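Participant:
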Amino acid sequence: MPTRRQAAANSPRPGAKSPQRPLMTQAQYARRRRVSRQAVADRIRRGLLPTYGHDRRLNPEEADRWWHETTVRPEAAAGATVGPPSAFMQARVALLLTEVQLRRLRHEDRRSQLIARDAVLCKFALTMRAMREGFQALPARIAADLAADLGCARDGRRLEPAMVQRALEPYVQRQLDELADVRLDLTPAVRR
């Protein structure tokens, strides 16, 4: 009579049929197939081999059948007709195609949010030119208002807008010269 531990170890996953033959550990099955234990574990992790119990044992006959169905054979990869694909392989191909389509949609979504580098540089240059022209016109635009606001006499004479404009122009030009050195750096930031 099997012990409680042996019964628990051989109990199938929920919804899985109980195997007819004794179950093997992953290491035993790897030796039987002459592959590494990691190859067996990877196939189990990817859902390509059915397991039973909490210690994930394998039915060797069922595992052999699944291994055969989920392995791409060289003649199949070369395009030779091997026979109709199994339902499992059809489902696997459908899943892979769906994943590819989702990745393509995510890529297109990200791509639509990007702006071309040349367009950004062009827009930046146009903006800087408009700013420069606006600053250069500033003394002429505000000279009259500034002269009226100051309203003080200079050497007993009335302050003229032309004098205010001439006085402002060097200061504005100095500021524009400082802005001329500004460059737009579009190199990607280093992420750490």
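Under the working numbering, the residues of the sequence shown are numbered 1318 to 1509, in order.
Where is the CB? At the ideal position from N, CA and C, for every residue including glycine.
None of the values given here were measured: they were computed from a predicted structure.
#1: Based on the DSSP output, what are the partners of MET1445 in its beta bridges?
#2: Between the alpha carbons of ARG1500 and GLY1468, how many angstroms are there, rounded?
#3: Within the same chain, show all residues whose beta-carbon is closer than 8 Å to that of LEU1493, passing over the 5 residues directly before and after it, in chain order.
#4: Using the Cβ count rule (16 or more neighbours within 10 Å means buried), how would you classify ALA1465?
#5: Distance check for ARG1420 and LEU1455, CA to CA, integer angstroms please.
#6: Expressed to the nearest angstrom, what Euclidean distance is found between the alpha-carbon atoms of LEU1365 and HIS1424?
#7: May I have the straight-line CA-CA distance separating ARG1382 from ALA1344, to the nearest angstrom?
#8: Quick one: what does DSSP say ARG1374 is sitting in, helix, strand or coil?
#9: TYR1346 bridges to which residues according to DSSP?
#10: Would you list the one or two residues that DSSP bridges to MET1480?
#11: In whole angstroms, give me the CA-to-CA distance for VAL1417 and PRO1402.
#12: What are the residues that DSSP puts in a beta bridge with MET1341?
#13: Between THR1388, PHE1405 and LEU1413, which lies nearest to ARG1350 when the distance is taken from Cα to Cα?
#14: By the three-class DSSP mapping on this structure, what secondary structure does GLN1430 have?
Facilitator: Taking the structure as given:
#1: According to DSSP, which records beta bridges pairwise, MET1445 is partnered with nothing at all.
#2: Going by the C-alpha atoms only, they are around 40 Å apart.
#3: ARG1449, PHE1452 and GLN1453
#4: Label assigned to ALA1465: exposed.
#5: 52 Å
#6: 29 Å
#7: 18 Å
#8: Assignment of ARG1374 by DSSP, reduced to helix, strand and coil, places it in the strand class.
#9: For TYR1346, which the question treats as bridged, DSSP gives no partner whatsoever.
#10: The partner list for MET1480 (beta bridge, DSSP) is empty, contrary to what the question assumes.
#11: 20 Å
#12: DSSP, once it has assigned bridges, lists LEU1375 as partnering MET1341.
#13: THR1388
#14: For GLN1430, the three-state secondary structure derived from DSSP is coil.
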